[in-house]
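Q: Number 557 marks the last residue of the sequence shown (this note's numbering); no jumps.
Where a beta carbon is used, it is the ideal one built from N, C-alpha and C, also for glycine.
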Amino acid sequence: MALQGVIDALKRTTLQEIGVSFSIADLMKDLKIDGNNVYIKVFSPSEKYHDFLKEKIEKTLKSIGAEKVEVEFSSEPPSQRQTQPPPPPPQANPFESRRRIPNVKKVIAVASGKGGVGKSTVAVNLASALKKLGYNVGYLDADMYGPSGPTMFGAKDKKVMARQTPEGDKIIAPEAHGVKVMSIGFLLPSEDTPVIWRGPVLFKALTQFLFDVDWGEEPLDFLVIDLPPGTGDVQITLGQTAEIDGAVIVTTPQDVALIDVKKGIQMFNEVQIPILGVVENMSYFVCPDSGKVYEIFGKSKTEEIAKTYEVELLGKIPIEPKVAEFSDLGIPIVFAKEDSQSAKEFINIAEKIIRKLSLT
Ligand SMILES: Nc1ncnc2c1ncn2[C@@H]1O[C@H](COP(=O)(O)OP(=O)(O)OP(=O)(O)O)[C@@H](O)[C@H]1O
198 MALQGVIDAL KRTTLQEIGV SFSIADLMKD LKIDGNNVYI KVFSPSEKYH DFLKEKIEKT
258 LKSIGAEKVE VEFSSEPPSQ RQTQPPPPPP QANPFESRRR IPNVKKVIAV ASGKGGVGKS
318 TVAVNLASAL KKLGYNVGYL DADMYGPSGP TMFGAKDKKV MARQTPEGDK IIAPEAHGVK
378 VMSIGFLLPS EDTPVIWRGP VLFKALTQFL FDVDWGEEPL DFLVIDLPPG TGDVQITLGQ
438 TAEIDGAVIV TTPQDVALID VKKGIQMFNE VQIPILGVVE NMSYFVCPDS GKVYEIFGKS
498 KTEEIAKTYE VELLGKIPIE PKVAEFSDLG IPIVFAKEDS QSAKEFINIA EKIIRKLSLT
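(1) Is Lys316 near ligand 1, judged by its Cβ being under 7 Å from some heavy atom?
(2) Let's test the definition: count the other Cβ atoms within 10 Å of the Cβ of Lys238 and tell me whether it reaches 16, buried, or not, exposed.
(3) Determine the contact status of Phe523 and Pro529, defining contact as a CB-CB distance below 8 Å.
(4) DSSP beta-bridge partners for Gly512?
(5) Under three-state DSSP, which class holds Asn322?
(6) Would you identify the three-state DSSP class for Lys355, choosing helix, strand or coil?
(7) Going by alpha carbons, who is nearest to Ala306 out of Leu212, Gly461, Lys208, Tyr236?
(8) Along the alpha helix (DSSP H) that carries Lys534, what are the first and last residues, could you check?
(9) Should Ser380 be listed as close to ligand 1, given that the test is whether its C-beta is under 7 Å from any heavy atom?
(10) For the region 544-557 and the region 372-385, state whether three or more C-beta atom pairs, one from each stretch, are separated by less than 8 Å.
(11) Would you mind sorting Ala199 into buried or exposed? The rule is 16 or more other CB atoms within 10 Å of its CB.
(12) Can you tell which of Thr438, Asn466, Val266, Leu228 has its C-alpha closest to the C-alpha of Ile215?
(13) By how many angstroms is the C-alpha of Leu224 removed from the C-alpha of Pro274?
(14) Looking at ligand 1, does it come within less than 7 Å of Val520, judged from the CB to the closest heavy atom?
(15) On the DSSP letters alone, give me the boundaries of the beta strand (DSSP E) that Thr448 sits inside.
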């Protein structure tokens, strides 16, 4: 089989079914042809798509005469240095197809390596703090598996409307506390509906969420995206499809959470999203009677980790029962109690992020 014929066939094999605009050739890291036998290595960070990609590659190559097709996967994106096959086409890096989210100046993703560390609380209050500082802000709850944003913003019962535009239908983001809010939670029939997102459906829903929301007439200064916990498909899809200006990683001082911080940092480096810094949540508790500070989860090692990975520790949020109480009432602490320690910390963190992003 001729090398060029194989490359051409792989270039023609697009992956629109899973919502991406590149072809198999764009993902290719290695290709060897021995008679009618083909060995190919492709970039695919998520195992979920391995069966789909393998089947697609086999079908393509067998249709042009291959007998044996061996497919291997790599989580490393194709590099510029590869010598075999010949230099990739201009679109070789999957991150090059990233688009800017329309009508948004700066996009911030809030992530955590582990569930339950207060990522949504931080994302909601960061958006609120930016609003309080005078910016036009949107909040996108991309936690497809457990959307809590609408509750925390007191926006659970908001109706979501759509409008037709020359670029297609747009979902209009309702407003809560002056912040434009969008969440998959708005589109589910009830809070208890289990959402089972499988590969291609997830890609499509997330892409729509990222690009088809009407955030209002004025461009947003900041869009805060609340990611699901962990380092899975949503994060990778986001990294491949949208231009994110910076990521914030939320953790708690426990060792187990910190292990996941390392994973989070590595993942953002892999998907080439700059890290703005780490926020340590539930850092300490101040006894209201004595004013004594208790480090409930033990001595924090977040600073050490941040130094090792050369990321900034943006701030430490204390455990304050009011944070949870107001969250349940649908009023972010930044709006509900601006003199609380947590609210002050959130404002400090927002100011640091504004400074960092205005430099990029
Ligand atoms: N600093 C804090 N002080 C007191 N309670 C807090 C604090 N931060 C978060 N909480 C509470 O902890 C719980 C978990 O927080 P949250 O839902 O923000 O976590 P999460 O990391 O987003 O969780 P998940 O990964 O499940 O989406 C909530 O009840 C929240 O109100």
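A: So, from the data block:
(1) Correct: Lys316 has its Cβ closer than 7 Å to ligand 1.
(2) buried
(3) yes
(4) Val476
(5) helix
(6) coil
(7) Gly461
(8) Lys534 -> no alpha helix (DSSP H), and no H or E assigned at all.
(9) no
(10) Segment contact: the region 544-557 against the region 372-385, fewer than three CB-CB distances shorter than 8 Å; contact not assigned.
(11) In this structure Ala199 is exposed. Its beta-carbon is surrounded by fewer than 16 other beta-carbon atoms within 10 angstroms.
(12) Thr438
(13) 7 Å
(14) yes
(15) 443-448
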